Amino acid sequence: MIKKNSNKISGWIILDKKSGITSRQAISKISKIFKFNKIGHGGTLDPLATGVLPIAVGEATKLISFIQNKKKKYSFTIRWGEATDTDDSEGKIIKKSNSRPNKEEIQNALISFIGKIQQIPPNFSAIKIDGERSYNLARKNISVRHKPRQIEVHEFTLKKILNIDTAEFEVICGKGTYIRSLARDLAEKLNTKGHIIKLRRHFVGNFNEKDKIFIDFSEEIIHSPTFLEKIIPIEKVLDDIPALFLTKTEAMKLRQGQKIRLNSLNFKKNFIKEHPNYQEFETVYTVNDKKLVALIEIDDGLVKPKRIINY
């Protein structure tokens with residue numbers, strides 16, 4: 002059984018979240034089955050949404066901030082003519098419009114949503130206001146008005162007009178983007194109302210649907226010999242930053258919190274040759290014997306540990 006050794010496992014589980022449960026409920030169920038001491042997720046998915054939900058276990062929880070900053074891809078369907086209080090089909094209808102956009106109008110409107118834009122998060126969101134979640138305030142009918150936040154949309158594409166009332170879209174975006182807000186604002190731009198009726202996330206950074214595993218949350222999963230094979234190494238989330246290789250002695254010093262001079266490192270020449278612009282990176286990760294040792298910064302010739310990984 003996997004459960005006996007769960008606390009020694011560190012890595013990423015790429016869950017294919019089903020609709021109808023929150024991201025927190027998903028990881029709570031996994032934690033209950035496997036008894037992980039440390040667990041967290043790399044970016045909330047709405048209850049309505051399905052798709053890629055990176056779940057960090059063990060020491061991978063120390064790298065959650067890295068995955069949250071990565072690009073994400075979504076596909077979603079908008080229903081025109083109705084606004085809801087949640088900006089998706091789980092809410093109640095609060096406004097209606099008889100206007101329906103055509104293909105040309107939609108494609109022209111999408112242009113204004115590309116790049117760095119300001120977005121107001123939905124009232125039903127996990128943002129805290131004076132210590133309380135926004136969705137809790139909204140459920141109490143307490144008026145909430147979030148301040149606009151800057152987000153970045155890299156791609157926003159109309160994939161298909163299904164019928165006069167619905168259309169499918171794809172978007173690739175950065176951190177902090179609310180797809181429900183995009184749908185709401187696009188509808189407003191088109192002089193109508195709209196809300197999401199279907200939403201799926203296809204990738205988060207390096208994690209995509211090829212990595213996914215569907216869990217039915219039954220105890221039977223702990224007997225599966227293939228489950229451990231689906232756990233992805235911690236360092237995959239760091240693929241886009243430089244790796245500095247260390248000797249066993251150097252790794253021990255870093256794990257003890259010591260600073261090391263870059264010029265004294267055994268593999269410094271290879272590192273500098275491969276990454277001549279290494280000083281431009283805020284963070285570098287270090288490896289010994291194919292295992293992640295620590296996240297470091299290099300400042301004034303010193304290698305300084307920022308986050309130590311303990312296996």
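Its first residue numbered 2, the sequence shown is counted upward by one per residue in the numbering used here.
Backbone N, C-alpha and C define an ideal beta-carbon position, used for all residues, glycine too.
Just so we're clear, the structure is a prediction, and the values are computed from it rather than from any experiment.
task = Could you have a look at R25 and say whether DSSP puts it in helix, strand or coil?
result = helix
query = Between which two residues does the alpha helix (DSSP H) harbouring E189 extend?
reply = Its alpha helix (DSSP H) spans residues I180 to K190.
query = Of the choices K74, L245, A84 and G52, whose alpha-carbon is the least far from that of G206?
reply = Closest in alpha carbon position to G206, among K74, L245, A84 and G52, is K74.
query = Does the region 74 to 87 come close enough to the region 238 to 258 to have 3 or more Cβ pairs within less than 8 Å?
reply = no
ask   = V294 by DSSP, collapsed to three states: which one?
value = strand
query = For E60, which three-state DSSP category applies?
reply = helix
key: Environment of T250 [buried if 16+ CB atoms lie within 10 Å]   = exposed
message = Between I10, R181 and G258, which has its C-alpha nearest T62's C-alpha?
response = Here the closest residue by C-alpha is I10.
task = Answer with buried or exposed for R181, where buried requires no fewer than 16 other C-beta atoms within 10 angstroms of its C-beta.
result = buried
key: Delimiting residues of the alpha helix (DSSP H) encompassing I107   = Looking at the DSSP string, the run of the alpha helix (DSSP H) that includes I107 is K104 to L111.
ask   = Just how far apart, CA to CA, sit I116 and S20?
value = Correcting the residue identity first, residue 116 is Gly in this sequence and not Ile. One C-alpha to the other measures close to 29 Å.
message = I'd like to confirm the pairing. Which residues does DSSP put opposite H1 in its beta bridges?
response = Past the edges of the chain, shown from 2 to 312, lies residue 1, and the structure says nothing about it.
message = By DSSP's criteria, Q119 is part of a beta bridge. Which residues make up the other side?
response = Q151
request  = Could you pull the start and end residues of the beta strand (DSSP E) that L245 belongs to?
outcome  = Segment A244 to F246, the beta strand (DSSP E) holding L245.
task = Within 10 angstroms of the Cβ of E83, are there 16 or more other Cβ atoms? Answer buried if so, exposed if not.
result = Looking at its Cβ environment, which holds 16 or more other Cβ atoms inside 10 Å, E83 is buried.
ask   = So which of I235, T193, I118 and S98 has the shortest CA-CA distance to A295?
value = I235
task = Report, in whole angstroms, the separation of the C-beta atoms of I197 and S90, which I expect to be a contact under 8 Å.
result = 7 Å
message = On the criterion of 16 or more Cβ atoms from any shown chain inside 10 Å, does I14 qualify as buried, or is it exposed?
response = buried
task = Indicate the three-state DSSP secondary structure (helix, strand or coil) for T85 in the structure shown.
result = strand
request  = Give a yes or no on contact between the region 41 to 57 and the region 260 to 271, applying the rule of three or more CB pairs nearer than 8 Å.
outcome  = no
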